[in-house]
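Engineer: Below you'll find the structure I mean.
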Amino acid sequence: MRRNIVITLLLLAIIIPAKAYSAATGEIRVGTSELEMVFTIAENRKVIYQYFGDKLSADSKTMLLNRQYKLRRDGRMLDAEVFPSAGDFLDPALQLTHSDGVITTDLYYVDHAVANVDANTVETRINLRDALYALDVSVVFKAYQKENVITQCVELTNHEKGSVRVERIASAYLPLHKRMYYLTHFYGGWGGEMKMEEEVLTPGVKSIEARTGILNTESVNPSFMVSADAPAQENSGEVYAGSLAWSGNYKLTFEIDKYGILHILSGINPYASGRTIEPDETFATPEMVWTYSSAGRGQISRNYHDWCRRYALAHGDEIRPVVLNSWEGTYFDFDEKKVMDMIDDAADFGVEMFVLDDGWFGNKYPRNDDRVGLGDWQANKKKLPHGLGYLADYAHEKGLKFGVWVELEMVSPKSELAEKHPEWIVKSGERDLLLVRNQCVLDLTNPAVQDYMVETFDDILGSSPNITYVKWDSNRFINNPGSEYLPDDRQTHFWVDYINGLYSVYERIREMYPHVTIQLCSSGGGRLDFGALKYHDEFWASDNTNSLSRIFIQYGTNMFFPAIATGSHVSISPNHQTHMHSPLKYRFDVAMGGRLGMELQPKDLQGDERTFAMNAVETYKKVRPIIQLGDLYRLVSPYDEGGWAAHMYVSKEKDAAVVMAYSFEFHGRDRFLEFKLDGLDKNKKYKLTELNPAKGRKPYWGEGMVFTGDELMKIGLNINDSDMFDSFVFLLTAID
Ligand code: DGJ
């Protein structure tokens, strides 16, 4: 017996080199109510990323503590560290030069701590230290129990004697080993944001990155899903999802190595961003927001929506007002009388918030077009002789709230501000200024600029307590970066310090004005990430208000971001961006899928159209709690063949739902749509009522009928009217 054991041990010693396998001595579980990440601490004190998926039973330890991986040729096992650092051939999550010039880092477990942040949030901090250097790295997780979301960020503290130079520091790393990986990501441009693309990842590196500094999400978004082994489905299959909460340059990389392992790295883009960290200084990365579902991407979206409403959105549990925004109604061409008329009309329509867009400011350089005036935030005396406060008070008398547009991050070269503070403008040394939309960016790395922004915000809101909404715009990207404020040897800090400066401004503003509603606009969809969103109440998803385009934009956007925050406005036909005609009902039915608003001159709606719009606004008000606070179920994807789209919102109690279906192709005489509903209680009975019924169309055949949740989910509804722009909105109400 003893001889056998000795032989076995000898054989094992030959097969497994001594340094190859380091048994686990402990595990760290980061769990929510349904999900879990598990890390183990190896005998050699490396922290190994073992698992991310559905929660394991507490006694499921044998596998994680003992499983052995294939060996590499250097004798190392193919297990992944929680935060891989430079030195190996893997793309590192951390790459830096130590104070003595050494370019590798080797991190080992020191300890970990678990603490309850509140009743729903558990923080786990895994502390690592380099084997040879006084360099500390903490990987910090926050697990949101109810929403099944886990955030991850990294804090690096330099305790070396000299400064270290960080070339790259990711927020998170996730290794996966599946047979196939299907990546869903988002791309586009102005007017066509958040287009969705799913592709099979192949060996090599796929990277998604923003280098525009601001307007970071106009063309790609730092949100993605990876579906394992098959394309993502709504209700089945394993899907991993991540979204980086950062409003600046970012980089996501998806690398399949020769072993077939997918390495996902996400964080600040290292592009031109080398950073010096002084002794005793700590640098913290933005958070990566993770979730997972073994039942398809529908659950992924619902996890993000729940988490966002609670943790990444201002006033996420409060019903949003119906807005009339002046931009497409008047552009720069208005005066006090015109604005007051619009407010009167808005009140007639049942609108609850009037927002005065661009063009209200500038005196030496009046803002009558987009060439001048940014920076001079005083009401134009000719257009608005009594100032902003007067209009806000007028709106208040009419029962409306009042909001105003700003673009405080920017300055027009033709402005009093640029004349006074040329040193505040972002520029690359002596190079010429590069204008975009005739404007420059203010250098937010400079605390004086941050103060100016907070004070200006305060001044504008100070003109009346009735200004309760701000549309925060930002209409250009940064190129030719550089700062007169930062020292020469810190110019590469610009990209990160700008965004941290912006966040500091947001923080201060939010502290001063906790109750004001702030819209994250950024040219429409240009800055749509959880980092910025948490300071705002909503975002403007796109400048494109064309209903057909919006079906796609909102479909992609709502994969991650909830309807309550999705500014979605009815505009005039033909549409100003696409010149496309569509019926008013269709425009309302699409816009009702988000936070409803109007973006037009109300006087342009007369007769039947005016009546329809008034009724639709009232109808929306009745059902908006379901849309804004309920659960989204996607039923028919506009990306599928057929020219249809459908989705529904279900109240948390499952006692009411709103179903929306759109046709956007000509379906001839013969084709019609059938689709199953989702998310209802199969044991409940629901009465169907058609909302916004189309004039002249016969009532829906199911009008007033009572269906079981079971038949609605197993058989479904059909749509027989299927012209190009036919649409249907149904309310389902549970009856006792
Ligand atoms: C871009 C925004 O997205 C529009 O809604 C409008 O506010 C214009 N800027 C004003 O300049």
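Counting from 1 along the sequence shown, just add 25 to a position and that's the residue number in the numbering used here.
Where is the CB? At the ideal position from N, CA and C, for every residue including glycine.
1) When you compare only the Cα positions, how much space is there between D136 and L81?
2) Do you know offhand how far F114's Cα is from R501's?
3) Going by the DSSP bridge assignment, what does F753 pair with across the sheet?
4) Are the Cβ atoms of L208 and F279 separated by less than 8 Å?
5) Which residue marks the beginning of the alpha helix (DSSP H) containing N183, and which one marks its end?
6) To the nearest angstrom, how far is the alpha carbon of L756 from that of L460?
7) When you compare each of M537, G551, W449, V479 to E509 by their alpha carbons, which one comes out closest?
8) Using C-beta distances below 6 Å, list every residue in its chain close to A105, excluding the 5 sequence neighbours before and after it, in chain order.
9) Any chance the CB of G549 is under 7 Å from a heavy atom of the ligand DGJ?
10) Can you list, in chain order, the residues of its chain with a C-beta nearer than 6 Å to that of E148? Leave out the 5 residues immediately preceding and following it.
11) When the Cα atoms are used, what is the spatial distance from N569 to S662?
12) Per DSSP, what kind of secondary structure is K677 in: helix, strand or coil?
13) Tell me which residue opens and which closes the alpha helix (DSSP H) that M88 is part of.
14) With burial defined as no fewer than 16 other Cβ atoms inside 10 Å of the residue's Cβ, what is the status of R54: buried or exposed?
15) R620 and I651 - do their beta-carbons sit closer together than 8 Å?
16) Of all the options V364, G412, F357, which has the alpha carbon lying nearest to the alpha carbon of R392?
17) Just the C-alpha distance for P228 and S319, rounded to the nearest angstrom, thanks.
18) Out of curiosity, what's the CA-to-CA distance linking L527 and E728?
19) Which residue spans inside the region 69-129 form an unbroken alpha helix (DSSP H) run of at least 4?
20) Using 8 Å for Cβ pairs, my map puts D562 next to A339. What's the rounded Cβ distance?
21) For W385 and W430, I'd like the C-alpha separation in whole angstroms.
22) Hey, out of L90, K71, W565, R300, whose CA is closest to M623's CA?
23) Are there 16 or more other CB atoms within 10 angstroms of the CB of P410, so buried, or fewer, so exposed?
24) Identify every run of the beta strand (DSSP E) within the region 551-590, keeping only runs that are complete inside it and at least 3 residues long; order them along the chain.
25) Which residues share a DSSP beta bridge with R300?
26) Identify, in the order they occur along the chain, each residue of the same chain with its Cβ nearer than 7 Å to the Cβ of S747, setting aside the five sequence neighbours on each side.
27) Does the ligand DGJ have a heavy atom nearer than 7 Å to the CB of W497?
28) So what's I760 in DSSP terms, helix, strand or just coil?
29) Tell me whether V595 sits in a helix, a strand or coil according to DSSP, three-state version.
30) Roughly how many whole angstroms lie between the Cα atoms of S268 and F555?
31) Examine the ligand MN and report whether any of its heavy atoms sits within less than 7 Å of the Cβ of C465.
32) Name the two residues that bound the continuous beta strand (DSSP E) containing A168.
33) State yes or no: is the C-beta of L713 within less than 8 Å of the C-beta of F732?
34) Relative to the C-alpha of K203, which residue among L90, G78, S488 is closest?
35) Using alpha carbons as the reference points, say which of S529, Y523, R552, T493 lies closest to P539.
36) Where P506 and K276 are concerned, what is the direct C-alpha to C-alpha distance, given to the nearest angstrom?
Structural biologist: If we stick to the structure as given:
1) Position 111 of the sequence shown, counted from the start, is the residue given in the question as residue 136. Position 56 of the sequence shown, counted from the start, is the residue given in the question as residue 81. Those two C-alpha atoms are separated by around 23 Å.
2) Counted from its first residue, the sequence shown places residue 114 at position 89. Counted from its first residue, the sequence shown places residue 501 at position 476. Using only the alpha carbons, I get a separation of about 38 Å.
3) The count along the sequence shown starts at 1 and reaches residue 753 at position 728. According to DSSP, F753 bridges with A686.
4) Indexing the sequence shown from 1 puts residue 208 at position 183. Indexing the sequence shown from 1 puts residue 279 at position 254. Between L208 and F279, the C-beta gap is smaller than 8 Å, which places the two residues in contact.
5) As a working mapping, residue 183 is identified with position 158 in the sequence shown. In the DSSP assignment, N183 falls outside any alpha helix (DSSP H) and within the unbroken beta strand (DSSP E) covering 174-183.
6) As a working mapping, residue 756 is identified with position 731 in the sequence shown. As a working mapping, residue 460 is identified with position 435 in the sequence shown. Our two residues, L756 and L460, have alpha carbons roughly 49 Å apart in a direct line.
7) Your numbering for residue 509 matches position 484 in the sequence shown. For the set M537, G551, W449, V479, the Cα lying nearest the Cα of E509 is the one of W449.
8) For the purposes of this step, residue 105 is taken as the residue at position 80 of the sequence shown. Here A105 has Y74, P200 as same chain residues with Cβ atoms under 6 Å from its own Cβ, once five neighbours each way along the sequence are excluded.
9) Within the sequence shown, the letter at position 524 stands for residue 549. Relative to the ligand DGJ, the beta carbon of G549 is positioned inside 7 Å of a heavy atom.
10) In the sequence shown, residue 148 corresponds to position 123, counting from 1. So the qualifying residues of the chain are A140, V142, K167.
11) Against the sequence shown, residue 569 aligns to sequence position 544. Against the sequence shown, residue 662 aligns to sequence position 637. The straight-line gap from Cα to Cα measures roughly 20 Å.
12) Mapped onto the sequence shown, residue 677 falls at position 652. In this structure, K677 counts as coil in the three-state DSSP scheme.
13) Start at 1 with the first residue of the sequence shown, and residue 88 comes out as number 63. Where M88 is concerned, the enclosing alpha helix (DSSP H) stretches over 87-91.
14) Locating residue 54 in the sequence shown gives position 29, counting from the first residue. Taking every protein chain shown into account, the CB of R54 has 16 or more other CB atoms within 10 angstroms, so this residue is buried.
15) As a first step, residue 651 must be located in the sequence shown, where it is residue number 626. As a first step, residue 620 must be located in the sequence shown, where it is residue number 595. With contacts defined as CB atoms closer than 8 Å, I651 and R620 fail to qualify as a contacting pair.
16) Locating residue 392 in the sequence shown gives position 367, counting from the first residue. Cα-wise, what sits closest to R392 is F357.
17) Here residue 228 corresponds to residue number 203 of the sequence shown, with the count starting at 1. Here residue 319 corresponds to residue number 294 of the sequence shown, with the count starting at 1. If you draw a straight line from the Cα of P228 to the Cα of S319, it comes to about 24 Å.
18) Counting from one through the sequence shown, the residue named residue 527 turns up at place 502. Counting from one through the sequence shown, the residue named residue 728 turns up at place 703. Their Cα atoms are separated by approximately 51 Å.
19) With a minimum length of 4 residues, the continuous alpha helix (DSSP H) runs that stay inside the region 69-129 are 87-91.
20) Within the sequence shown, numbered from 1, the residue matching residue 562 stands at position 537. Within the sequence shown, numbered from 1, the residue matching residue 339 stands at position 314. The Cβ separation is near 5 Å, so the contact holds.
21) In the sequence shown, residue 385 corresponds to position 360, counting from 1. In the sequence shown, residue 430 corresponds to position 405, counting from 1. Taking the straight line joining both Cα atoms gives about 9 Å.
22) As a first step, residue 623 is located in the sequence shown; it is residue number 598 there, counting from the start. Considering only alpha carbons, the answer is W565.
23) For the purposes of this step, residue 410 is identified with residue 385 of the sequence shown, where counting begins at 1. With fewer than 16 Cβ atoms within 10 Å of its Cβ, P410 is classed as exposed.
24) Here the runs fully enclosed are 563-565.
25) Against the sequence shown, residue 300 aligns to sequence position 275. Its beta-bridge partners are V191.
26) Numbered from its first residue, the sequence shown carries residue 747 at position 722. Within the same chain, S747 has close Cβ partners S688, H692, R696, F697, L698.
27) Locating residue 497 in the sequence shown gives position 472, where the first residue counts as 1. No - the ligand DGJ has no heavy atom lying nearer than 7 Å to the Cβ of W497.
28) For the purposes of this step, residue 760 is taken as the residue at position 735 of the sequence shown. Reduced to three states, the DSSP call for I760 is strand.
29) Taking the first residue of the sequence shown as position 1, residue 595 is located at position 570. V595 falls in the strand class under three-state DSSP.
30) Here residue 268 refers to the residue found at position 243 of the sequence shown. Here residue 555 refers to the residue found at position 530 of the sequence shown. So the alpha carbons of these two residues sit roughly 8 Å apart.
31) What this structure holds is the ligand DGJ, not the ligand MN.
32) Position 143 of the sequence shown holds residue 168. Per DSSP, the continuous beta strand (DSSP E) segment holding A168 begins and ends at 160-169.
33) For this step, residue 713 is matched to residue 688 along the sequence shown. For this step, residue 732 is matched to residue 707 along the sequence shown. Remark: C-beta atoms of L713 and F732 approach each other more closely than 8 Å.
34) Taking the sequence shown and counting its residues from 1, the one referred to as residue 203 is at position 178. Check the Cα spacing between K203 and each of L90, G78, S488: the tightest is with G78.
35) Residue numbering aside, residue 539 sits at position 514 when the sequence shown is read from its first letter. Nearest Cα to P539 within the set S529, Y523, R552, T493: T493.
36) The residue given as residue 506 occupies position 481 in the sequence shown. The residue given as residue 276 occupies position 251 in the sequence shown. Computed Cα separation, rounded: 18 Å.
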